[in-house]
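In my numbering, the protein residues as written are 685 to 1682.
Structure (structure tokens):
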């Protein structure tokens, strides 16, 4: 069966079927029949799908990168199909918008549009950065949080938003963008933060992520993410020789200079030694207020001064938040244009009092107003070189990152500092996001990436301060403050450390503070808030010491276990008091146990060695524990040696009798402790629940608003569509005047209600209203559709009847060998054709008498059912003919193959028979020859015997017997010749084989 589609105009489909003598062309006219198809997609194992994202959360922009199974690392596009989204959220009339929509709303209502919030995370109300923010954006109402002394934005009389709540909503929007890009739910992420973020700022962004429902795998410094992105595509260029690269990141609100060292290092992973690249942050310098925002603000003030000089209105432009917002937006656009052009004609519509503004701005003007800003570019580089202990001549490459580095003046100044061509071989906007998503894939489950080690370091040193009493030479006791370094500058993390307090035997307090930061200016020290971190109150020490003192145990100090995790956040993991207890045991038992310990020690060492082959070497961070922790293991080793020696002595004196021996046992007791943060207190559980509830209510209200707007728009569109269709000729013919009046009246009522009373009604109300209108108008639409599509449907059914009739005729006239169908089948299809033709004539006549405004008597559904019935029967017969024909063809082919096989076997048998005959003839010839030779020898023997008769030989041959033997052979030869003649006449005769076989 072959199928071809002819080049006919739609909706005509031609199907040609060839079956022996049958050649039926069925022309099917397809007509529009609306079919509702319900597609149910079942996501098997969707919960197990692994999709991870990274968020490069900056002051001005937010970039989102994703990695999913089958999807490479890529940037997620927003709804405008752009690769970066403004980090802004806006509220207006209980409607929340993000990104570009928020900025557009912020031009008209700047006080309800919140952006540049990254700098406010983890800041108290009196922080210099907060004061600078108020100066830059004076239209905000900023208040102090009563519990934490942080800042909150006053939205209305009843609503305030903390910085963590606003940032959490933006992070939730980033998650939605990633989910829309991958069509999967996403929860795990890595978020980039500025490298100069302190402990409070890092905890604040983690709190914001918690409010948005995200699981943060790790915070990653933006400079480390950029360095990782640069190195992961240049693995082959990294070798054992150290390469020092300086990354200069000039973003929207800060500038960072980072010196990163690339080198291949050998590591052991699961017992295998392998060489992987590693990037280490050697030094870093920054300026937290230097960036593109400062340049944009300078341009805004420049445009405001030009507008004031024109004196188009008496109003002060500086006192109008809306006017300043418009000029701020234009300044941002102007900054980008002047980076590529030397001059530009700037214009703003309706700046103030409906007055437009236009001015020519040159690049020289832009550079003049930002000259003091440009002079600050060198300071971060010098700080980075000093912290790394390097000179700029030891730098191999100088790479610029960040959107503000596109300003020509910035590039020229940096090139003067570097002295060579600047490196621009990295995506200035997306480098941090792509580096962070690589880290996310490495930390997350379901992905295996090539190892690339990243060593981030501590920027602000952390130390522990505590007080203890000491004796003076005069015999008095004074309190002394002791400071111990915990994580000095340059320490890598994640890392765990243990600190031992040896002189405390009662409940005590110690502080975790920042170390020496004399290299920071006073203003930066205030902005960074690098004074106190937390206070720890340790409880249960007095009771523990009293208990063990009564038992006679010796105190070995109090251990504090600290951990700095992947996010650079310091945590106090555990507090415990350590004692040594003396126990008396049998020396023989001790010796046996000591021997067992030695054997166990050997086995343990072997087991540890084997485990290292599979689990890898210990982290280098563990080697960085404090000396106090290291010294704690030394007495244990000496005790083991002592026990070994005692065990040997016991072996010598084992036969002298039982001797008791003292043994030291280490006892640890967990202590209770309370951590109180002095920088920025964490949200209490109740406050955290309140904030989560606030964001959930916003999300629910937003979802309800979208559903309500969708239902309202659907109702509005349906009303307009119904009113418009009623004026069409088809609808006028298919309706009565009364029906049209009823529908128009209901449309008018709903339209008036929609714009007067029902604009803010619930979604359910809109659905009820649209159902009322559909109950009147849908029958009319269906009636019109029936009249419109009936001719094509009738033509299709007629074509099917004609083709089916032709099929039946040819089936009856077919030769006997092509009679594939039974009489019952042919009669049944013939009867179906006759009945369908009769039904069609009756229905067509009835429909022709029915007015157009009444329900049709000949519906498309009925026609389709009749057409389907004929099509089903014809297809059944065609398939049967194909099967029968294929069966006959197969039987004929098998018979032919069998005949050929038998003929081949006969030929082989005859050939074998001929070979056997020839072989027999040769054997006979040899026998005759031997007989002749024997006969000659016999004659000689007879002559001899005739002369000497043997009286014992009673079997003497006579001449008569010899003649009989010759006659027998002659007869045999004659019979063989007759057999040959028979073989020539009858080839393949089964009886002939009996004569030729020996």
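Idealized CB from N, CA, C, for every residue including glycine. Just so we're clear, the structure is a prediction, and the values are computed from it rather than from any experiment.
Nearest-angstrom Cα distance between residue i and residue j?
i: residue 1419; j: residue 758; result: 57 Å
i: residue 1624; j: residue 1602; result: With a pLDDT of only 46 at residue 1624, under the threshold of 50, the placement of this residue in the model should not be trusted; the figure read from the coordinates follows. Rounded to whole angstroms, residue 1624 to residue 1602 spans 34 Å at the Cα level.
i: residue 1164; j: residue 1054; result: 51 Å
i: residue 1223; j: residue 786; result: 51 Å
i: residue 1174; j: residue 738; result: 26 Å
i: residue 1561; j: residue 1547; result: 22 Å
i: residue 1012; j: residue 792; result: 12 Å
i: residue 906; j: residue 1368; result: 29 Å
i: residue 1570; j: residue 1579; result: 14 Å
i: residue 1146; j: residue 1070; result: 20 Å
i: residue 949; j: residue 885; result: 33 Å
i: residue 1683; j: residue 965; result: This structure does not reach residue 1683, given that the chain is present from 685 up to 1682, and the question cannot be answered.
i: residue 1280; j: residue 1231; result: At residue 1280, the pLDDT of 47 sits below 50, so the modelled position is not reliable; the number obtained from the coordinates is stated separately. Taking the straight line joining both Cα atoms gives about 32 Å.
i: residue 1402; j: residue 1391; result: 16 Å
i: residue 1399; j: residue 933; result: 52 Å
i: residue 938; j: residue 980; result: 13 Å
i: residue 1480; j: residue 1470; result: 15 Å
i: residue 1565; j: residue 1557; result: 12 Å
i: residue 780; j: residue 1212; result: 32 Å
i: residue 1492; j: residue 1510; result: 7 Å
Tell me, which residues are paired with residue i by DSSP?
i: residue 1356; result: 1223
i: residue 1177; result: 1140
i: residue 1254; result: 1248
i: residue 945; result: 928, 964
i: residue 770; result: 745
i: residue 1184; result: 1243
With DSSP run on the structure shown, which of helix, strand or coil describes residue i?
i: residue 1431; result: helix
i: residue 983; result: helix
i: residue 1449; result: helix
i: residue 1203; result: coil
i: residue 1573; result: helix
i: residue 1099; result: helix
i: residue 854; result: helix
i: residue 716; result: Note that residue 716 scores a pLDDT of 35, beneath 50, so its modelled location is shaky; the value from the coordinates is reported in the next line. Residue 716: coil per DSSP, three-state reduction.
i: residue 1035; result: strand
i: residue 1243; result: strand
i: residue 1492; result: helix
i: residue 730; result: Reliability of the predicted coordinates at residue 730 is poor, the pLDDT of 38 falling under 50, and no value is obtained from them.
i: residue 1079; result: coil
i: residue 1025; result: coil
i: residue 1393; result: helix
i: residue 831; result: coil
i: residue 1377; result: helix
i: residue 764; result: coil
i: residue 1480; result: helix
i: residue 1473; result: helix
Alpha carbons only, please: which of the options is nearest the one belonging to residue i?
i: residue 1127; options: 736, 1258, 1233, 1067; result: 736
i: residue 644; options: 1113, 812, 904, 1543; result: Nothing about residue 644 can be reported from this structure: the residues present for the chain run from 685 to 1682 only.
i: residue 1009; options: 1021, 1023, 998, 987; result: 987
i: residue 770; options: 778, 761, 777; result: 761
i: residue 1094; options: 879, 1041, 1023, 1137; result: 1023
i: residue 824; options: 830, 831, 832, 815; result: 815
i: residue 922; options: 1423, 961, 954, 957; result: 961
i: residue 991; options: 978, 981, 1006, 1042; result: 1042
i: residue 1389; options: 871, 1476, 1443; result: 1443
i: residue 1410; options: 1397, 1399, 1400, 1431; result: 1431
i: residue 1111; options: 1464, 1242, 1088; result: 1088
i: residue 1067; options: 941, 929, 772, 1472; result: 941
Got a sec: does the ligand HEM put a non-hydrogen atom nearer than 6 Å to the Cβ of residue i?
i: residue 846; result: Summarising the ligand content, the structure contains no ligands, and the ligand HEM is consequently not present.
Mind checking if residue i is an interface residue toward chain D, Cβ cutoff 7 Å exclusive?
i: residue 1165; result: Absent here is chain D; the protein component of the structure consists of one chain.
Quick test of the definition: if touching needs 3 or more C-beta pairs under 8 Å, does the stretch 1075 to 1089 touch the stretch 828 to 837?
Contact check between the stretch 1075 to 1089 and the stretch 828 to 837: fewer than three CB pairs, one atom from each, fall below 8 Å, which does not count as touching.
Three or more C-beta pairs closer than 8 Å, one from the stretch 1122 to 1138 and one from the stretch 1179 to 1196: is that the case here?
no
Okay, do the stretch 1578 to 1595 and the stretch 1516 to 1525 touch, 3+ Cβ pairs below 8 Å being the bar?
no
Between the stretch 1245 to 1252 and the stretch 1367 to 1383, can you find at least three pairs of beta-carbon atoms closer than 8 Å?
Counting C-beta pairs closer than 8 Å gives fewer than three between the stretch 1367 to 1383 and the stretch 1245 to 1252, which falls short of the contact rule.
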